[in-house]
Ligand code: SF4
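Right under this line is the structure:
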């Protein structure tokens, strides 16, 4: 089938098959780009959303995710830190809103937060949402929580929950052995039941195959996500993936274009690894990206909101809504 025809069908609600998605990955790059741009424009016009993440609690994680600097299985020399206070979160959110960032997310290391820690996050969200000067949406990435936790956090002002599936169902087992994708999906289902939006994505460049990349997109479609962050592996010294060869620019472009065709109305967000792709990340807006995490990542440096705005301006991309509600 011609790409143009397929794009029209997708706009009209067609869900592409695994076989079509794999074929799409190998399509001529210019055609893929044109089709992905058309879909992005159709579903999102030319808006670009910025969010930022707070490293709310860092290190000493009991899990063994092979990409992660915060796992206690690996010698990564990161600074450990307990959960920030409600006041610290409040100040950060206020500052982020002033910079024009649309979403503020608290991200914490570990399987899940304790009840006391959840109360601290809920207190922070409550204060932020009650301050009419702070216009920012609130997200959390706090581990494998349960329904009661989600209800409490939603009542305090959190609107979206983040829990990455990280990779394909098949490849995930090679990346993490201390918890399962099923546990993550159960968590996501409970967050949905509590009425929260879902942000779930992946890390590419961990040695996964093209089929795995397609399967990630299909899994996210099955879960029904609202936003999908795409991280590009930033190999951390001391982790098992420290010597992983980088994924090529073209493979990143193809992966994102396939994501756009499988997840046409889902926000596709550039996330970790921003410095690795600094020289070309604005090209990815032509392959389906329409959001990005700005500022530092959890334990690695990122680009500031000003760096991001300048890069967008320099690229001459047609972006109508940037760093503004
Ligand atoms: S990704 Fe999360 S769960 Fe996995 S090791 Fe890092 S902090 Fe722990």
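In this note's numbering, the protein residues as written are 3 to 327.
Positions of the beta carbon are idealized from the N, C-alpha and C atoms, including for glycine.
Is it the case that the CB of residue i approaches a heavy atom of the ligand SF4 more closely than 7 Å?
i: residue 221; result: no
i: residue 185; result: no
i: residue 73; result: yes
i: residue 244; result: no
i: residue 333; result: The structure shown does not extend to residue 333, since the chain is modelled only from 3 through 327, so no value can be given for it.
i: residue 201; result: no
i: residue 58; result: no
i: residue 111; result: yes
i: residue 65; result: yes
i: residue 204; result: no
i: residue 70; result: yes
What do you reckon, are the CB atoms on residue i and residue j nearer than 8 Å?
i: residue 164; j: residue 202; result: yes
i: residue 2; j: residue 125; result: With the chain covering only 3 through 327, there is no way to say anything about residue 2.
i: residue 79; j: residue 60; result: no
i: residue 205; j: residue 233; result: yes
i: residue 31; j: residue 251; result: no
i: residue 109; j: residue 58; result: yes
i: residue 215; j: residue 269; result: no
i: residue 39; j: residue 288; result: yes
i: residue 334; j: residue 136; result: With the chain covering 3 to 327 only, the question about residue 334 has no answer from this structure.
i: residue 231; j: residue 191; result: no
i: residue 67; j: residue 200; result: no
i: residue 62; j: residue 88; result: no
i: residue 5; j: residue 22; result: no
Quick check on residue i: buried or exposed, where buried means 16 or more other Cβ atoms within 10 Å of its Cβ?
i: residue 43; result: exposed
i: residue 327; result: Residue placement at residue 327 cannot be trusted, given a pLDDT of 35 that sits under 50; what the coordinates show is reported in the next sentence. Classification of residue 327: exposed, given that the 10 Å Cβ count is below 16.
i: residue 294; result: buried
i: residue 308; result: exposed
i: residue 64; result: exposed
i: residue 255; result: buried
i: residue 276; result: buried
i: residue 271; result: buried
Practice prompt. Could you tell me whether the region 242 to 251 touches the region 6 to 18, where touching means 3 or more Cβ pairs closer than 8 Å?
Written response: With the rule of 3 Cβ pairs closer than 8 Å, the region 242 to 251 does not count as touching the region 6 to 18.
Worksheet entry | Segment contact, 8 Å Cβ cut-off, at least three pairs: the region 81 to 99 with the region 142 to 158 | Short answer: they don't touch.
Worksheet entry | Completely contained alpha helix (DSSP H) runs for the region 165 to 196, where each covers 4 or more residues | DSSP runs (the alpha helix (DSSP H)) wholly in the region 165 to 196: 171 to 177 and 183 to 195.
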